[in-house]
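**Q**
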Amino acid sequence: MYLEVSKLHKQFATDKGPVVALKDVNLRVEDGEFVCVVGASGSGKSTLLRLVAGLDVPTAGLIEVDSEPVTGPGADRGMVFQDYTLYPWMQVQKNVEFGLKLQGVDKKARREQASYYLEMVGLTQFAQALPKELSGGMKQRVAIARALTSRPKILLMDEPFGALDAQTKETMQQFLLELWEKTGTSILMITHDVREAVFLSQRIYVMTARPGTVQREIVVDLGRSRTKETRELPAFKAYQAEVIAELMA
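Position one of the sequence shown corresponds to residue 786 (the working numbering), numbered consecutively onward.
Printed below as a string of C-alpha cells:
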C-alpha cells in the first residue's frame, strides 16, 4: 500500500476561534491505483492534499507513504496544482528539470530524465519554448511531466484541470488516463467535478461539508481503459448519479 491516511484531523486558529477543517479522515491509495476525492467547497479537499504533500502539518492523525510517516515534502510525492506553477522565465525543459536540480541530480541525468517525460507527455518539440507560448492544456502537461520526473510513488493532483475549458478538460482527462496506464503511478486527485471523478478513478471518496470527513467510498467498476464512449454508458451515468446523491445527502 503506497498511501494510508488514518484518523486525520486538521484545525486552524482564526480571529473568531478554532475552525475544524478535517475530522477523522481515513482513506488509502493502493499501488498503481487512481483515486479521486470529491466534495463541495469548504469540505477540506485541498487541505487534505496539502497535508499528504507535507506542505502543512496535521493537528492529529497519521499519514504514511509505504509505511513511512509523512513529516514534510518529499520526492516520493509529486504535486500538480490547478495553476500550473511554472517558472515563466524558464524554458519548458528547464522547468521539468527543476526538481531534479534541487535534488542535486547531475546535469546530464536530469536532462535525460526530463526529455524522457517530455516525450511521454507529447511535448518534445516544445522543450525550448517558454510557458507563455503554450496553451493551458500544454502548460498542465509540462507540470505533470515535472512532477513525474522525480519518479514519485504517488502523484497528488489538486483540481488540475479546473482552469481549462470543457473540451480541453476532456482531452486532458483522456491524456491523464493514458499516462497513468503507461507509468503505473498511483494517483490521488482532488476534484469538485463528479463527471471527471467517475471517468478517471477506480475509487471515489465523497467528503462532507466542514468539518470535512469521508462520507462514503464508492468503487467505480468501469475497467482501466476508458474512452469518450465510456461517458455514455448507463453504468457511468449511474455512478455519476450515486455520487451526486451522496453530495446532496
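Cβ atoms here follow ideal geometry from the backbone N, Cα and C, with glycine treated the same way.
If you're wondering where the values come from, they're calculated on a predicted model, not measured in any experiment.
#1: If distances are taken between C-alpha atoms only, which option among V790, G889, K795, E981 comes closest to T953?
#2: Using 8 Å as the cut-off, can you tell me whether the segment 957-971 makes contact with the segment 813-826, which would need three or more C-beta pairs spanning the two stretches below that distance?
#3: Can you look up E944 in the DSSP assignment and give me helix, strand or coil?
#4: Do we get a CB-CB distance below 8 Å when we pair D816 with the residues of chain C?
#5: For G824, does the count of other Cβ atoms within 10 angstroms reach 16, so buried, or fall short, so exposed?
#6: By Cβ distance below 6 Å, which residues in the same chain neighbour F866 in space, the five residues on each side in sequence not counted?
#7: Pair every Cβ in the segment 848-868 with every Cβ in the segment 1004-1019, then say whether three or more of these pairs are closer than 8 Å.
#8: Find out if the Cβ-Cβ distance for the pair V999, N811 is shorter than 8 Å.
#9: Compare the beta carbon distance of G947 and A806 with 8 Å and say whether it is the shorter of the two.
#10: Report the partner residues of I989 according to the DSSP bridge assignment.
#11: T844 to E918, Cα distance in whole Å?
#12: By DSSP, does S831 sit in helix, in strand, or in coil?
#13: Can you give me the C-alpha to C-alpha distance between G884 and E1027, rounded to a whole angstrom?
#14: Label L962 either buried or exposed according to how many other C-beta atoms from any shown protein chain fall within 10 Å of its C-beta, with 16 as the threshold for buried.
#15: Should T832 go down as buried or exposed, given a rule of 16 or more other Cβ atoms within 10 Å for buried?
#16: Look at the alpha carbon of E955 and the alpha carbon of L941, and state the distance between them as a whole number of angstroms.
#17: To the nearest angstrom, how far is it from the Cα of G802 to the Cα of Q796?
**A** Inspection of the coordinates gives the following:
#1: Walking along the sequence shown from the start, residue 953 turns up at place 168. That would be E981, whose Cα lies nearest to the Cα of T953.
#2: yes
#3: Residue 944 sits at position 159 when you count from the first residue of the sequence shown. Of the three classes helix, strand and coil, the one that applies to E944 here is coil, per DSSP.
#4: Absent from the structure is chain C; it holds one protein chain and no more.
#5: By one-based count along the sequence shown, residue 824 stands at place 39. Buried is the call here.
#6: Residue numbering aside, residue 866 sits at position 81 when the sequence shown is read from its first letter. Only D943 meet the Cβ criterion.
#7: no
#8: For the purposes of this step, residue 999 is taken as residue 214 along the sequence shown, with counting starting at 1. For the purposes of this step, residue 811 is taken as residue 26 along the sequence shown, with counting starting at 1. Yes, the Cβ-Cβ distance between V999 and N811 is below 8 Å.
#9: Locating residue 947 in the sequence shown gives position 162, counting from the first residue. Locating residue 806 in the sequence shown gives position 21, counting from the first residue. Not a contact, by the Cβ cut-off of 8 Å.
#10: For the purposes of this step, residue 989 is taken as the residue at position 204 of the sequence shown. In the DSSP output, where bridge partners are listed per residue, I989 has C821, I1003.
#11: Looking up residue 844 in the sequence shown gives position 59. Looking up residue 918 in the sequence shown gives position 133. Cα to Cα, T844 sits roughly 42 Å from E918.
#12: Taking the sequence shown and counting its residues from 1, one reaches residue 831 at position 46. S831 falls in the helix class under three-state DSSP.
#13: Locating residue 884 in the sequence shown gives position 99, where the first residue counts as 1. Locating residue 1027 in the sequence shown gives position 242, where the first residue counts as 1. Using only the alpha carbons, I get a separation of about 40 Å.
#14: The residue you call residue 962 lines up with position 177 of the sequence shown. L962 comes out buried.
#15: In the sequence shown, the residue the question calls residue 832 occupies position 47. T832 comes out buried.
#16: For this step, residue 955 is matched to residue 170 along the sequence shown. For this step, residue 941 is matched to residue 156 along the sequence shown. Looking at the two C-alpha atoms, the distance is approximately 19 Å.
#17: Translated into the one-based positions of the sequence shown, residue 802 becomes position 17. Translated into the one-based positions of the sequence shown, residue 796 becomes position 11. Whole-angstrom Cα-Cα distance: 10 Å.
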